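First residue of the sequence shown: 253, per the working numbering; consecutive thereafter.
We treat Cβ as the ideally placed atom computed from N, Cα and C, and that holds for glycine.
Predicted, not measured: the structure shown is a model, and the values here were computed from it.
Below: the structure, in structure tokens.
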Amino acid sequence: MVSIFGFPVEAIPLLTVITTITDIPNTVLNTTGNTVSSMLVARLVEGKNWLKDEIQSLKKVG
253 MVSIFGFPVE AIPLLTVITT ITDIPNTVLN TTGNTVSSML VARLVEGKNW
303 LKDEIQSLKK VG
């Protein structure tokens, strides 16, 4: 990657630090997006009260 963009080899440690710092927010954003997407699909498929119905069905089992 360094040679593709024309950076000197000395830039590798700096790029590693920058990548490490930006990886955490990227992961948080990705997992949050996955959760929100799953909840939206569940609401569309199961209806408006899908969470309340799911909790009630879990109470019946337990």
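Taken through DSSP and simplified to helix, strand or coil, Lys-311 comes out as helix. Less than 9 Å divides the Cβ of Val-254 from the Cβ of Ile-264. DSSP places Pro-277 in the helix class (H, G or I) of the three-state scheme. For Phe-257, the enclosing alpha helix (DSSP H) stretches over residues 254 to 257. The C-alpha of Ile-273 lies about 22 Å from the C-alpha of Ile-256.
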